[in-house]
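Peer 1: Sending over a structure as structure tokens; questions will come in a sec.
Numbering (the working numbering), first residue to last: 1 to 530.
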């Protein structure tokens, strides 16, 4: 009788434990789905959800099972090493408050890997649900962005997506495209292939709308890398097809760049004929010989500010000296706009402006080409940045030139502290001090590196950087993570983004990196198989 009662008690206990485990597993999967959606939509929700995920993991208990194979979990060790370096280098920092804030900000880099890598891997159905939540949310956000673009007048492209930086969102679009291609090749169903192709084309168009041109570079470099790394897995026909497509892209980009550069610098009639001294109304022209060119004309030739001011007062209610949405006054904006149309900057040139042109100038659009959406706008904006830097050494309001200036400044700071760095919390302060000392045009900003590699090198020096790099390289090599095409694609996206962005300095970038690593890295029960 005692044995029967004892067996029944054991059976009830096991049944309770099984139900409890199922509940925790369901909560785990649901929270992962929610985090995958929240990472592109809400900072508050993302923070709340990873804390709930950690709490569910703690309440679940099963410590023996969770840490049973910790010694051999190289990826988890790599994330622990990353946080450990931040903590150790906190000892040498002068700005302790910022250092603690930096570590607090990076807590998901340890919480998410700790929970996910010590929990049973997702099965195919669970992984599919997480993938659908992630890709579905990215698609919904693009639709919201399109609606905002069409309904909110003069909405800056940086604010088209309201929840996340347009650069970070570009990374998520890149990963969504990778997952769509994986779904098409994995399931091999006509409707899935059709939906994947349609969504990919939509995402590429949305990236143009978002001005996320870095994402195009990432997609191209990633494609080339995958083609080289996995060439042996492909048939001869596939290799030829991919090589042809990539070559065609390179040729097309090179041809467009050559055409746009020629059009931009090819001097128009107004810039090649002898310069007139007087306007048709008998007022003197001003010709500044600073050499800056835009749309085939010298910007500061044929200027009569007096006539421009008089005619503008007749055409617009905006004062001539008022600021536009871009932070510049009407005068320089109007000057460049007239120049872009190949007109003289006087009453005669002003007479050719249409009401649409006036409205564009009032919005701060300084070149008629900027009214377009596409590669020409991108090329002309970049060439104007180059011209401004060539003639005036200007970097203000130019994202690419600002990055180059910050990289140069960051490299100087690193060379001053090459071995041990400056400490976890001192990167912003030391970078700003160097900008001021070098009298950089960015000395009055709070920008520091815009490069994750430089950020780590400055903070931790070569010693800390090598420790972090070694741990992650060891994990990727030991576990053969690069056998998965999807994981390799994600790794390319992340590592390339580190060049132009300090990706791990925002929650969106941190969550993207942590979830991508631990969910896409193949395990015994793989989420993604190559």
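C-beta atoms are modelled at their ideal positions from N, C-alpha and C, and glycine is treated no differently.
1) Using CA atoms only, rank isn't needed, just tell me which of 327, 151, 324 and 175 is closest to residue 490.
2) Quick check: what's the CA-CA separation for residue 516 versus residue 226?
3) Compute the Euclidean distance between the alpha carbons of residue 198 and residue 206, then round it to the nearest angstrom.
4) Can you give the beta carbon distance from residue 467 to residue 109, rounded, assuming they're within the 8 Å contact cut?
5) At what residues does the alpha helix (DSSP H) containing residue 189 begin and finish?
6) What do you reckon, are the CB atoms on residue 363 and residue 313 nearer than 7 Å?
7) Quick one, are the C-beta atoms of residue 78 and residue 475 less than 7 Å apart?
8) Could you give the DSSP three-state label for residue 1: helix, strand or coil?
9) Assuming contact is defined by CB atoms lying nearer than 7 Å, are residue 348 and residue 280 in contact in what I supplied?
10) Check whether the Cβ atoms of residue 303 and residue 387 lie closer than 7 Å to each other.
11) In or out: residue 518 buried (at least 16 other Cβ within 10 Å) or exposed?
12) Whose C-beta lies closer than 6 Å to the C-beta of residue 98 among residues of the same chain, with five residues either side of it excluded?
13) What residue from 411, 408, 382 and 168 has the CA that sits closest to residue 397's CA?
14) Is the CB-CB distance between residue 427 and residue 404 below 7 Å?
15) Is the number of C-beta pairs between the region 254-266 and the region 371-381 that are closer than 8 Å three or more?
16) Applying the criterion that 16 or more other CB atoms from any shown protein chain within 10 Å of the CB defines a buried residue, is residue 512 buried or exposed?
17) Helix, strand or coil: which one does DSSP assign to residue 193?
18) Evaluate residue 371 with the Cβ neighbour count: other Cβ atoms within 10 Å of its Cβ, from every protein chain shown; 16 or more gives buried, anything less gives exposed.
19) Would you list the residues sitting across from residue 281 in a DSSP beta bridge?
20) Nearest-angstrom Cα distance between residue 464 and residue 410?
21) Reducing DSSP to helix, strand and coil, say where residue 526 ends up.
22) Touching or not, the region 106-122 and the region 439-446, by the rule of three or more beta carbon pairs under 8 Å?
23) For residue 272, count neighbouring Cβ atoms within 10 angstroms of its own Cβ and tell me buried if that reaches 16, exposed if not.
24) Using the Cα positions of residue 165 and residue 183, report the straight-line distance between them to the nearest angstrom.
25) Just reading off the alpha helix (DSSP H) that residue 505 is part of, what are its end residues?
26) Check each candidate in 430, 418 and 417 and name the one with the smallest Cα separation from residue 406.
27) Identify the residues that DSSP records as bridge partners of residue 172: which are they?
28) Just reading off the alpha helix (DSSP H) that residue 233 is part of, what are its end residues?
29) Let me make sure I understand the geometry here. Which of 503, 94, 50 and 455 has the alpha-carbon closest to that of residue 107?
30) Might you give, ordered along the chain, the residues of its own chain that have their beta carbon closer than 7 Å to the beta carbon of residue 527, omitting 5 neighbours on each side?
31) Can you round the beta-carbon distance between residue 342 and residue 256 to whole angstroms, since I take them to be within the 8 Å contact cut?
32) Please report the residue range of the alpha helix (DSSP H) in which residue 148 lies.
33) Considering only their Cβ atoms, is the gap separating residue 145 from residue 160 smaller than 7 Å?
34) Where does residue 311 sit, in a helix, a strand or coil, going by DSSP?
35) Do you know how far the Cα of residue 101 is from the Cα of residue 522?
36) Counting only the same chain and skipping the five closest in sequence on each side, list residues whose C-beta sits under 8 Å from that of residue 76.
Peer 2: Taking the geometry as given:
1) 175
2) 17 Å
3) Take the alpha-carbon of residue 198 and the one of residue 206: they are about 12 Å apart.
4) Contact doesn't hold; Cβ gap of about 15 Å is too wide.
5) Here residue 189 belongs to no alpha helix (DSSP H), and DSSP marks it neither H nor E.
6) no
7) yes
8) Note that residue 1 scores a pLDDT of 47, beneath 50, so its modelled location is shaky; the value from the coordinates is reported in the next line. Coil.
9) Yes; because the gap between Cβ atoms is below 7 Å, this pair is in contact.
10) Annotated as distal: residue 303 and residue 387, with beta-carbon spacing of 7 Å or more.
11) buried
12) 425
13) With distances taken between Cα atoms, residue 397 lies closest to 382.
14) no
15) yes
16) buried
17) DSSP, read as helix, strand or coil, puts residue 193 in helix.
18) exposed
19) Partner(s): none; residue 281 has no beta bridge.
20) 17 Å
21) Reliability of the predicted coordinates at residue 526 is poor, the pLDDT of 45 falling under 50, and no value is obtained from them.
22) no
23) Exposed, because fewer than 16 other Cβ atoms sit within 10 Å of the Cβ of residue 272.
24) When only Cα atoms are considered, residue 165 and residue 183 end up about 27 Å apart.
25) Per DSSP, residue 505 belongs to no alpha helix (DSSP H) and is neither H nor E.
26) 430
27) None, per the DSSP bridge assignment.
28) Counting along the chain, residue 233 falls outside any alpha helix (DSSP H), and DSSP gives it neither H nor E.
29) 50
30) Unreliable positioning characterises residue 527 in this predicted model, as indicated by a pLDDT of 39, which lies under 50. The coordinate reading is nonetheless provided below. 121, 122, 127, 519 and 520, listed in sequence order.
31) Not a contact, Cβ separation roughly 22 Å.
32) 124-151
33) yes
34) helix
35) 32 Å
36) 70, 113, 114, 117 and 118
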